[in-house]
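Quick notes on the structure that follows.
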Amino acid sequence: MSFLSGLTLLTLSQTVNILILVSYILVILLLLGAILYYLPRPKSGDERILARVIFALSTVASGVHTWYYMIKFLQFSYHNYLASHPPAFGTPSLLTIGSWLESTSLFDEAWRHVCSSPLNWWWSEHICLFTVPWCAFVYIEGVRHRIPHLWLYPLLGQLMAISTATSLFFLALFSSPVLDPPIPRPRLSAQVYLPLLAAVFPVLYTPNLSGDVFMPNLLLLHLLVLIPFLPLPKLFALLGLPDLLPPAEEGSTLAPSTLLALLESLLFLIRSLTLLTLPPLGSWSALPSLLLQTLYAHPAQSSIGFDAVHVSLLLLLYSLLRRGSQPSKAGAYEALSALAGLIAVGPGVVAPLVFSGGLREKKNLKLVQKEVLKVEVAPRRTRSGRSYGDVKS
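Residue 879 is where the sequence shown starts when you use this note's numbering, and the numbers rise one by one after that.
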């Protein structure tokens, strides 16, 4: 049968499900287009070309790699449906696709599998943990560098791949003008730090939940990391609701470094619990082969697992390149330290340390500048302790 004849046979529910899948892909393409359109344009003389090339290539590599397995997952799910629901001879393929999408929840199917066992969760938790401090970093540095429409990055990360969105944000950072003198990072309002701290708890509970509470918990995690980027005061005013957020006063705000330090402690605790709950393996030498088997056993697991691999590589590259136009010795030492952490506990725990490195550097720079200023303004004195001005008078 022709495509049009198959279209006329679709039920309303099947049509809606096909439109949802098509809309999902279109939204991803629109988000990619919007990010590239609003990407800051490097100024003439900006020598950070190497970093921009690397993060542009990593955007393509992570997107192609993770979505290769995402397409494999769609094929896997479709063929499983055909095996249990063989269509009658001559049934239009569009009608079969509509029936498959109507009876299958792809998002639910994928996430339930990647959280189904301790070894599966060993891979999947990396991305869940990493996303929380990464969203904090996107907000902190995005506001500081005045990168427009920051909400595009976490939304693309949720719909496509966190590693692809991370590559694009690093590309935006290295395309933004160098802040000279550095602009201080503003303190964070409750709208920013409360949802991000709360997002830690859905990550903690995800592998322990099943049944009807599994998806609401997962959706809560996706929502909480988006709240910092929403114009909540405007939404409250539009809906005629009172502003429930505390005023942005000194007592209700949090320093960026404090938020990242809190996240570091919480995420380390969660990752430690995960490592302690791994099943008995006989010996630790068997763990790498078991993890590799788990990574390749299911395409949904491969997609999220390689997403975690890519964000790990991105953390190393950012550590190496963030100090200037070329890799530095200090950057190499930081990258080696990050590598040790990635091997031990993974990107979710290492991310706050890498992201807060720049904050510590700027703080140290300010202290040095203050000391230099004190030396410059200090009056010159004689050996007796009197200033030269007193001697002359």
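Note that beta-carbon positions come from the ideal geometry of N, C-alpha and C, so glycine has one too.
| Query | Result |
| --- | --- |
| Boundaries (first-last residue) of the alpha helix (DSSP H) holding V992 | L984 to V992 |
| Simplified DSSP state of L917, which is helix, strand or coil | coil |
| Integer-rounded CB distance, given that Y1196 should sit under 8 Å from V1232 | 6 Å |
| Neighbourhood of L897 by C-beta distance below 8 Å, restricted to the same chain and skipping five residues each side | none |
| Sheet register partners of L1193 (DSSP bridge) | In the DSSP output, where bridge partners are listed per residue, L1193 has none listed. |
| C-beta contact flag for L1138 and P1011 at 8 Å | yes |
| Proximity below 8 Å, CB of Q1179 to CB of W1000 | no |
| Proximity below 8 Å, CB of I1025 to CB of D1185 | no |
| Coarse secondary structure for L1137, derived from DSSP in three states | helix |
| Inter-residue spacing [alpha-carbon to alpha-carbon] between H1023 and V1056 | 9 Å |
| In DSSP terms, what L1132 is bridged to | L1066 |
| Residue-chain proximity (A1050, chain C), Cβ-Cβ < 8 Å | Within the model displayed, chain C is absent; a lone protein chain is all it includes. |
| Burial state of R919 (16 or more Cβ within 10 Å) | exposed |
| Residue nearest to A1077 in terms of C-alpha spacing, selected from Y902, I1148, L935 and Q1171 | I1148 |
| Neighbourhood of G1219 by C-beta, 6 Å cutoff - its chain only, sequence neighbours within 5 removed | V1228 |
| Three-state secondary structure (DSSP) of Q1204 | coil |
| L928 versus V938: straight-line alpha-carbon distance, rounded | 16 Å |
| Cβ neighbour criterion (16 or more within 10 Å) applied to T889 | exposed |
| W1029 to L1108 span [Cα, whole Å] | 7 Å |
| Where the alpha helix (DSSP H) containing A1043 begins and where it ends | I1040 to S1053 |
| Contacting residues, own chain, Cβ-Cβ under 6 Å from I913 (five flanking each side not counted) | L1030 and L1046 |
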